[in-house]
Amino acid sequence: MRTILIAGGFALLLSLFGTPLLIRALAKRGYGQIIRDDGPSSHHTKRGTPTMGGIIIIFAAVVAYLVAHLISGNAITASAALVIGLVIGLGLVGFIDDWLKVSRQKSLGLTSKQKLAGQILIASVFAYLGTKFPDKDGLTPISSQLSTVRDTSITLGAVLVVVWVALMVTATSNGVNLTDGLDGLASGASVLTFISFILIGVWEFGQSCAVSPGINCYEVRDPLDIAVLAAAFAGACTGFLWWNASPAKIFMGDTGSLALGGALAGIATTLRIELLLIPLGGLFVIITMSVIIQTLYFKISGGKRVFRMAPLQHHFELMGWGEVTIVIRFWIIAGLCVAAGLGLFYADWVVG
């Protein structure tokens, strides 16, 4: 528990005090956000706000995780190392996209195919390596079983594991990317989900088959260390949110949104609660579905729309809701989704 508190607290301080330094560095070089002309007109005032703030989130989380282990003397686990590699890889894809946008001064970075290819490649490497590195009990960071609130009896096999995890990581990173449309929305919602991962990781460790054998015990390779990593990301996002809240002084950009999506999916996979990520990250799912619904209905109906604009947060903007009102209400929805996910997780243990 001490390591969790150190990781979360140090990440918070690094992000809180490091973000202003990054803001000044980005502003000095003119690396400001490019606003699309087809977006809400109210967003045009945000043009030029420093972007690529995901750099500080990744830096703070990774450094805090390492410092916590240095202080506690605990070894870095394979599960956490793989998730960190996934986050850095996806963050790099997002950074290239952001860099191309600010250097060209256009809202066009990587093409959708290029970005998707990068995400799939990095996620596939993560999935493949995750099936390696067994511990003394033979447990690998990623299970070959499909997991809901724990591993099920459904065996995917080596190839399907890679395909499934790649799909999950790509969907989640793009979901966070779509959510990152209003000041503080994605970073605040991410904090709530990372906190739920801390609780789940600590619970799985306390009720693990190695610590508390029984019919209800959990077979997860490194749940406690994943909880430490989740705490580091929760702290990093909280510190960043101080500067990202409306009116935002900095945006996370694709650097941050793709990395955070990777962290959420990677942690859920290594905790073996893959499908539980749907309720835990419910806000991201809702916003992603709004885009899918809008796109499909537009094609089927010959140009008609369900929402005034997608993603969903922009629909409410065009209805006249204030940005802060939308963000707070969406945070409430995110909190309710997290509560539902934790309820499902605990109910499974109670029922047995």
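Each residue of the sequence shown is one higher than the one before, counting from -13 in our numbering. We put the CB at the ideal spot given by N, CA and C, even for glycine.
In this structure, the straight-line span from the alpha carbon of Gly143 to that of Gln131 is close to 8 Å.
Gln193: not part of any alpha helix (DSSP H); DSSP gives it neither H nor E. By the CB criterion at 8 Å, Gly95 and Leu102 fall outside the cutoff. Inclusion of Leu115 and Glu205 in the CB contact set at 8 Å is not warranted, their separation being larger than that value. Rounded to the nearest whole angstrom, the C-alpha separation of Gly170 and Gly289 is 32 Å. Minimum Cα-Cα distance from Ile140 among the listed residues Ala157, Arg258, Ala196, Val79 corresponds to Arg258.
If you look at Asp208, you'll find it isn't in any beta strand (DSSP E); DSSP assigns it neither H nor E.
Residues Cys223, Leu246 of the same chain have their beta carbon placed closer than 6 Å to that of Ser176, with the five preceding and five following residues left out of the count.
Under the three-state reduction of DSSP, Asp166 is assigned to coil, being neither helix nor strand. Assigned with DSSP and collapsed to three states, Ser176 falls in helix.
Counting only the Cα atoms, Leu178 lies some 13 Å from Ala249. For Ser182 and Gly174, the gap between their C-alpha atoms comes out near 13 Å. Bounds of the beta strand (DSSP E) holding Ser133 are 131 to 133. With respect to the 8 Å criterion, Gly308 and Val69 are not classified as neighbours on the basis of their beta carbons. Note that the C-beta distance between Ala320 and Gly242 is not below 8 Å.
The residue from Asp84, Phe270, Leu304, Ser58 with its alpha-carbon nearest to that of Thr156 is Phe270. Taking all protein chains in view, the Cβ of Gly221 is crowded by 16 or more other Cβ atoms within 10 Å, so the residue is classified as buried. Val324 sits buried, since 16 or more C-beta atoms from the chains shown fall within 10 Å of its C-beta. Under the three-state reduction of DSSP, Ile253 is assigned to helix. The region 148 to 155 and the region 186 to 197 do not touch, with fewer than 3 CB-CB distances between them shorter than 8 Å. Relative to the Cα of Gly39, the nearest Cα in the group Val49, Ala50, Gly71, Gly77 belongs to Gly77.
Around Arg291, the same chain offers Gln280, Tyr283, Phe284 as residues with beta carbons nearer than 8 Å, after the five sequence neighbours per side are excluded. Annotation: Arg136 to Ile201 spans about 13 Å, alpha carbon to alpha carbon. When the Cα atoms are used, Ser89 and Ala196 turn out to be separated by approximately 52 Å. The residue from Leu210, Val148, Ala254, Ile(-8) with its alpha-carbon nearest to that of Leu107 is Val148. The Cβ atoms of Leu8 and Ile41 sit closer than 8 Å to each other. A distance below 8 Å separates the beta carbons of Val313 and Leu168. The Cβ atoms of Gly225 and Leu(-9) lie no closer than 8 Å to each other.
Met(-13) and Val214 have their C-alpha atoms some 8 Å from each other. DSSP, reduced to helix, strand and coil, places Ser232 outside both helices and strands of the structure shown, so it counts as coil. Excluding five sequence positions before and after Met295, the CB atoms of its chain that fall closer than 6 Å to its own CB belong to His301, Leu304, given in chain order. Rounded to whole angstroms, the Cβ separation of Thr37 and Asp84 is 6 Å, and the two are in contact under 8 Å. Beyond the five residues adjoining it in sequence on each side, Leu328 comes within less than 8 Å, by CB distance, of Ser182, Leu185, Ile186, Leu266 in the same chain, given in chain order. Across the structure, Arg207 and Ala254 are spaced so that their CA atoms are roughly 13 Å apart. For Ile74, the closest alpha carbon among the candidates Ala234, Phe331, Tyr17, Ile43 is that of Ile43.
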